[in-house]
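To start, the structure itself, in structure tokens.
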Amino acid sequence: MTLQDFMENYVGNLNDFAYYDDKFDIGIYPESTEKIICCSGADDEGTLFTSYDNALDKFMVNGRPFRDTLPDINENLL
0 MTLQDFMENY VGNLNDFAYY DDKFDIGIYP ESTEKIICCS GADDEGTLFT
50 SYDNALDKFM VNGRPFRDTL PDINENLL
């Protein structure tokens, strides 16, 4: 998935993003453009971010920022 696809399909519409495969278990749940909850795994209570830029850069997925994880996400599994 490209950053542009993510921004258009999820950020622009404030849609929830949930993805699971053999490498990733990711959930991003916006309450507003200034309040985004990100979690990795079913047992993760989540981390609150104040912007999508912060979430993209500071939400860590398997030791990498979410922004760097996006290209590895298979859009067919969404």
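Residue numbers (numbering that gives the first Met the number 0): 0 to 77. Yeah, the Cβ is synthetic: ideal placement off N, Cα and C, and Gly gets one too. Bear in mind the structure is a predicted one, so any value in this text is a computation, not a measurement.
- If you check the CB distance, residue 77 and residue 2 do not come in under 9 angstroms.
- By a beta-carbon distance limit of 8 angstroms, residue 46 contacts residue 58. Their separation comes to about 7 angstroms.
- Excluding residues up to 5 positions away in sequence, 0, 4 lie with their Cβ nearer than 8 angstroms to the Cβ of residue 74 in the same chain.
- Distance between residue 48 and residue 42, taken at the CA atoms: about 18 angstroms.
- Straight through space, the alpha carbons of residue 25 and residue 19 are spaced by roughly 6 angstroms.
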